[in-house]
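**Student:**
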Amino acid sequence: MQMKRILALFCLCALLGLCLFTSGERGEVTLVPDAQESPALPLAGRKIGIDPGHQAHGNSEKEPVAPGSHEMKAKVATGTRGASTGTPEHVRDLEIALKLKDLLEELGAQVLMSRESADVDISNVERALMMNEWGADAVLRIHCDGATDKSVHGLGMYVRKTGDGASECELLARCLISEMSKKTGAAQRGVFKRDTYTGLNWSTVPSVLVECGYMSNPEEDERLADPQYQNSLALGMAQGLIKYFEALEGGE
Ligand SMILES: [Zn+2]
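According to my numbering, the sequence shown is numbered sequentially starting from 1.
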């Protein structure tokens, strides 16, 4: 009898020890997600703003093209439309932007979207202020282009010509167009400096208007509608952002 009791006590102690050991192990396991958030991911700690161009309905009310300017422009233009697909630009812009959002988050970035649906009314000034207030490290304004000449195609970047941060904007645009062209095979039309875009002029953080291709070109319009091509555009933008942050740190 005594022996059985001792044996039972021993088993109980062994079981208790095992439980403590296992919970200790579990406690350590919970630390792993924290470790994954740190430097291993290439965009960890970066705040990236994504502004998918336009919305279901344009807004022709006017707002100043730049802080303090008397020149007024429509709050939100309507955007272009696919020559082959007939799809409105705001739909394509959002498709590409949502793929980019998922990818950047996988790479460790925090992402703020100016819109995640078509049924909104957010002016270009409001979109810029949203990103300024959030303190974005970089903002990509996702658009597709249109031209009367249907043969025109390729990637184009627009950045502010003057003002604070103009050189960072240009650096970001050059990183983006180079990496996007590598991932998609699309032609590079160039980096264009303009002080005519409300969304860029009101930005106090590095901001680039990314023209992903021409919806007025039937072949490029078809490519832009392809989810695989959209993924390639997103990959190029992500790689461009990584190169941009590397270049910034290298220059410090
Ligand atoms: Zn547009």
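In this text, a Cβ means the ideal position worked out from N, Cα and C, and glycines have one as well.
With a threshold of 7 Å, establish whether the CB of H153 neighbours any heavy atom of ligand 1.
**Tutor:** H153: no, Cβ never under 7 Å from ligand 1.
**Student:** Any idea if G250 is buried or exposed, counting beta-carbon neighbours within 10 angstroms, 16 or more meaning buried?
**Tutor:** Label assigned to G250: exposed.
**Student:** Any idea what DSSP makes of S69, helix, strand or coil?
**Tutor:** Coil.
**Student:** With burial defined as no fewer than 16 other Cβ atoms inside 10 Å of the residue's Cβ, what is the status of T196: buried or exposed?
**Tutor:** T196 comes out exposed.
**Student:** When you compare each of L248, A225, A238 and D221 to E255 by their alpha carbons, which one comes out closest?
**Tutor:** As shown, the chain starts at 1 and ends at 252. That puts residue 255 outside it, with no answer to give.
**Student:** Which whole-angstrom value is the C-beta distance of D221 and I142, which I expect to be below 8 Å?
**Tutor:** D221 to I142, Cβ: 16 Å. No contact.
**Student:** From the DSSP secondary-structure annotation, give me the bridge partner or partners of I50.
**Tutor:** According to DSSP, I50 bridges with M113 and L140.
**Student:** Between R194, M113, V159 and H153, which lies nearest to G49 when the distance is taken from Cα to Cα?
**Tutor:** With distances taken between Cα atoms, G49 lies closest to M113.
**Student:** Is it the case that the Cβ atoms of V159 and V191 are separated by a distance below 8 Å?
**Tutor:** Yes, the Cβ-Cβ distance between V159 and V191 is below 8 Å.
**Student:** For ligand 1, list every residue whose C-beta falls under 5 Å from any of its heavy atoms, going in chain order.
**Tutor:** Qualifying residues come out as G53, G79 and H143.
**Student:** With a floor of 3 residues, list each beta strand (DSSP E) that falls wholly inside the region 167-217, ordered by position along the chain.
**Tutor:** Runs of the beta strand (DSSP E) inside the region 167-217: 188-193 and 207-214.
**Student:** Between the Cα of Y229 and those of S181, T87 and D145, spot the shortest distance and give me the residue it belongs to.
**Tutor:** The residue with the shortest Cα to Cα distance from Y229 is S181.
**Student:** Please report the Cβ distance between V205 and A136, rounded to the nearest whole angstrom; I am assuming they are in contact, meaning their Cβ atoms lie under 8 Å.
**Tutor:** With 8 Å as the limit, V205 and A136 qualify as a contact, their Cβ atoms being about 5 Å apart.
**Student:** Out of S207, E61, R81 and S117, point me to the one whose CA is closest to S123's CA.
**Tutor:** Per the Cα distances, E61.
**Student:** Can you tell which of P218, G199, N217 and S216 has the C-alpha that lies nearest to the C-alpha of L209?
**Tutor:** Of P218, G199, N217 and S216, the residue nearest in Cα terms is G199.
**Student:** Since L261 sits in a beta bridge, which residues does DSSP pair it with?
**Tutor:** Outside the displayed span of the chain (1 to 252) sits residue 261, for which this structure offers no information.
**Student:** Using the beta-carbon count (16 or more within 10 Å), is M72 buried or exposed?
**Tutor:** M72 comes out exposed.
**Student:** Straight-line CA distance for T87 to G163?
**Tutor:** So the two alpha carbons sit approximately 36 Å from each other.
**Student:** So, are the CB atoms of A118 and G154 less than 8 Å apart?
**Tutor:** The answer is no: Cβ separation not under 8 Å.
**Student:** Quick check on DSSP: helix, strand or coil for S84?
**Tutor:** In the structure shown, S84 sits in coil (DSSP, three-state: anything other than H, G, I, E or B).
**Student:** For the candidate residues G156, S203, T80 and K99, whose alpha-carbon lies nearest to that of A128?
**Tutor:** Minimum Cα distance to A128 is reached at S203.
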